[in-house]
Ligand code: G
Ligand code: G
Ligand code: MN
Ligand code: NA
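Numbering (the UniProt record's numbering), first residue to last: 519 to 767.
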């Protein structure tokens, strides 16, 4: 049986669930949780999003799935202290094939989550074709007060000045650059250049995939603002995220 056949009914069968990974400040406080979807397949067990998100994009299932993820994430985040936000990954397909501002407005209204507590993560690949329609969508989202993060930065082709014009609030340095720290000289040089330029443009820089104390120290020395990775926590179920959040008061 093809995985795509099973994927078609998975949403109605309630087989998706959300995990959350903390993003912390330089002094270790949780400021945000990134939402990462999981699929509990009835016979195969957990299927990785790296496997089913591309399938969902090919089949168009990403549209209802993405709507469910956004609404669910906003609702769960209302249980956290109000200084903690929630990040939601958007597929480039959601950008092209749905009225995204309408959906975001509706998800915020129905959940009661304040707009600044929602951070939308968009991968660089969206901007290979930054059409007037995409630019208008980004501007409309910003006017609503939600935060925009550029995900997987450094793996695509966009320049920082261009991102500034598109009004991104944050950039997330891809984990492939963090992996080589602190030993790789060229890796550190690239990370330093991204942080320095982004900071001068008043953007917040998040490093992804931080796994070791040495990487953490190196990133802090380079002036990175926020950190995410297994060193702090793996993605955890909603109950555990809530416990992490409330422990912090
Ligand atoms: O969660 P990791 O745990 O394995 O995720 C693998 C890939 O799937 C990453 O590229 C991540 O951005 C993507 N992904 C995870 N959750 C979501 C989601 O809710 N929406 C979209 N569009 N992509 C997601
Ligand atoms: O594409 P995106 O950056 O949204 O995907 C995040 C992916 O990175 C998820 O698969 C998540 O589980 C994974 N991840 C989060 N922290 C770490 C880490 O410290 N090390 C590694 N190798 N992967 C991580
Ligand atoms: Mn992401
Ligand atoms: Na990323």
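Backbone N, C-alpha and C fix where the C-beta goes; we use that ideal spot for every residue, glycine too.
Can residue 553 be considered in contact with ligand 1, in the sense that its beta carbon sits closer than 7 Å to one or more heavy atoms?
Within the chain shown, the letter at position 35 stands for residue 553. Yes; taking the cut-off as 7 Å, the Cβ of residue 553 has a heavy atom of ligand 1 nearer than that.
Between the Cα of residue 690 and the Cα atoms of 569, 661, 668 and 642, which residue gives the shortest distance?
Stepping through the chain shown from its first residue, residue 690 is reached at position 172. With distances taken between Cα atoms, residue 690 lies closest to 668.
Closest to residue 467 by C-alpha separation, out of 751, 625, 705 and 665, would be which residue?
As shown, the chain starts at 519 and ends at 767. That puts residue 467 outside it, with no answer to give.
Need the endpoints of the beta strand (DSSP E) that residue 559 sits in, please.
Locating residue 559 in the chain shown gives position 41, counting from the first residue. 548 to 559 is the span of the beta strand (DSSP E), which, as asked, contains residue 559.
Which word fits residue 520, buried or exposed, when buried means at least 16 other C-beta atoms lie within 10 angstroms of its C-beta?
Within the chain shown, residue 520 is the residue found at index 2, counting from 1. Residue 520 is exposed by the Cβ-count criterion.
Might you give, ordered along the chain, the residues of its own chain that have their beta carbon closer than 8 Å to the beta carbon of residue 671, omitting 5 neighbours on each side?
For the purposes of this step, residue 671 is taken as residue 153 along the chain shown, with counting starting at 1. Cβ neighbours of residue 671 beyond the five flanking positions: 642, 689, 690, 691, 692 and 712.
Which complete alpha helix (DSSP H) runs does the stretch 695 to 766 hold, if anything under 4 residues is left out?
Runs found: 703 to 718, 731 to 739 and 756 to 765.
Just checking residue 669 against ligand 3 - is the residue's beta carbon closer than 7 Å to any of the ligand's heavy atoms?
Within the chain shown, numbered from 1, the residue matching residue 669 stands at position 151. Yes - ligand 3 has a heavy atom lying nearer than 7 Å to the Cβ of residue 669.
Using the DSSP secondary-structure output, state which residues sit across from residue 537 in a beta bridge.
The residue you call residue 537 lines up with position 19 of the chain shown. Per DSSP, 554 and 755.
Who are the Cβ neighbours of residue 535 in its own chain at under 6 Å, not counting the five residues just before and after it?
Taking the first residue of the chain shown as 1, we reach residue 535 at position 17. Correct list, in chain order: 556.
Confirm the yes/no value for this check: CB of residue 748, any heavy atom of ligand 2, distance under 7 Å.
Here residue 748 corresponds to residue number 230 of the chain shown, with the count starting at 1. Yes - ligand 2 has a heavy atom lying nearer than 7 Å to the Cβ of residue 748.
Anyone know if the C-beta pair for residue 570 and residue 525 falls short of 8 Å?
Walking along the chain shown from the start, residue 570 turns up at place 52. Walking along the chain shown from the start, residue 525 turns up at place 7. Yes, Cβ-Cβ distance for residue 570 and residue 525 is below 8 Å.
Provide the residue(s) that pair with residue 672 in DSSP beta bridges, ordered along the chain.
By 1-based counting over the chain shown, the position of residue 672 is 154. Bridge partners of residue 672: none, in fact.
Determine the burial state of residue 547: buried for a count of at least 16 other Cβ atoms within 10 Å of its Cβ, exposed for fewer.
The residue labelled residue 547 in the question sits at position 29 within the chain shown. Result: exposed.
For residue 730, which residues of its own chain have a beta-carbon under 7 Å away from its beta-carbon, when the five flanking residues on both sides are left out?
In the chain shown, counting from the first residue as 1, residue 730 sits at position 212. Answer for residue 730: 749, listed in chain order.
Looking at residue 621: is its Cβ nearer than 8 Å to the Cβ of residue 638?
Residue numbering aside, residue 621 sits at position 103 when the chain shown is read from its first letter. Residue numbering aside, residue 638 sits at position 120 when the chain shown is read from its first letter. Contact: no.
Please indicate yes or no: does the CB of residue 569 lie closer than 7 Å to some heavy atom of ligand 2?
The residue you call residue 569 lines up with position 51 of the chain shown. Answer for residue 569: no, Cβ out of range of ligand 2.
Alpha carbon to alpha carbon, what distance is there between residue 746 and residue 728?
Here residue 728 refers to the residue found at position 210 when the chain shown is read from its first residue. Here residue 746 refers to the residue found at position 228 when the chain shown is read from its first residue. Rounded to the nearest angstrom, the two C-alpha atoms are 6 Å apart.
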